[in-house]
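This report refers to the structure that appears directly beneath it.
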Amino acid sequence: MSQEQGADGSHQRNFICDPEESEICSIHKVLKEPLKNRSATGNTLSRFPGEWFSCHPVLTVVLLLLLLVLVLALGVALAVQSAPQVPVTPVTLQCCPYGWVGSNGVCYYLSRDYRSWEQAQERCSELGASLAILKDEAMDLLFRLRGNVDYWIGLRRRGERLHWGDGSSYSSGVPVLGNSQCVYLADDKFRSEMCSNERPYVCSKAQAAL
């Protein structure tokens with residue numbers, strides 16, 4: 191019996207700590223617990239995202255929509271950046287001084303004072319212009335604007351031919367009546383008379399860019 195008890199006692203010592211061995215048991219317990227805690231924490235973290243999304247369906251939808259918007263915005267930005275750049279032509283605004291009439295890039299000034307052809311040319315020069323050099327479309331405009339007033343224009347006879355003030359030859363189909371040197375605007379045609387006669391005049395210049 192004593193031997194059996196001794197055997198049983200030694201066998202039980204392998205599983206039960208004596209008070210003297212309590213310190214060793216504590217060490218084994220401490221070493222085992224962190225492993226259990228880490229395992230439990232890992233399982234919790236692995237389950238957390240799925241549980242969070244299932245518990246917050248509205249926020250999940252909002253987050254997905256925000257992500258979709260960001261992706262679309264990035265795609266648009268990349269498309270715009272890769273698109274060929276079209277050069278932008280600046281728009282040039284033009285205007286005429288107060289009291290002048292603008293048409294097709296040209297400003298016209300119809301005077302109220304009377305001068306000879308030479309004096310009218312000098313006055314137009316003071317205004318940064320010249321006696322009017324008219325294209326066909328400008329002739330139509332001035333014929334409408336003249337009313338009952340006859341105006342000197344920048345057309346003058348030099349020899350047998352008529353020339354504008356810039357030296358170009360007169361080539362319009364509007365007839366010029368008379369054989370005098372200087373030409374003025376009258377009715378729906380041009381007339382010529384002595385340059386020393388005084389009458390109102392029309393100045394013209396290019397419209398200034400703003």
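Residue numbering for the sequence shown follows my numbering, beginning at 191 and increasing consecutively.
Built from N, CA and C at the ideal position, the CB exists for glycine as well.
Asked	Found
Burial state of S386 (16 or more Cβ within 10 Å)	exposed
Neighbourhood of R305 by C-beta distance below 7 Å, restricted to the same chain and skipping five residues each side	R313, E388 and Y391
Contact belief for G292 with S320 at Cβ below 8 Å, rounded distance in angstroms	Wrong, their Cβ atoms sit about 16 Å apart, outside the cutoff.
Alpha helix (DSSP H) segments (min. 4 residues) lying fully within the stretch 283-350	307-316 and 326-335
Backbone CA spacing between L264 and T250 [nearest angstrom]	21 Å
Where the beta strand (DSSP E) containing Y360 begins and where it ends	No beta strand (DSSP E) contains Y360, which DSSP labels as neither H nor E.
Residue burial classification, V266 (beta-carbon count within 10 angstroms, cutoff 16)	exposed
Integer Cβ distance of F380 from L345, believed to fall under 8 Å	7 Å
Counted within 10 angstroms of its Cβ, other Cβ atoms place Q311 as buried (16 or more) or exposed	buried
Unbroken beta strand (DSSP E) run spanning R381, endpoints	K379 to E383
Residues near N369 in its chain [Cβ-Cβ closer than 8 Å; skip 5 each side]	R347 and S382
Buried versus exposed, by CB contacts within 10 Å (16 or more), A322	buried
Three-state class that DSSP yields for S165 in the structure shown	The shown model of the chain, from 191 to 400, leaves out residue 165, and the question about it has no answer.
Contact belief for C393 with L317 at Cβ below 8 Å, rounded distance in angstroms	6 Å
Min CB distance C286 to chain B below 8 Å	Among the protein chains of the structure shown there is no chain B, as only one such chain exists.
Bridge-paired residues (DSSP) for C372	R346 and E383
C-alpha gap between M384 and W342, whole angstroms	11 Å
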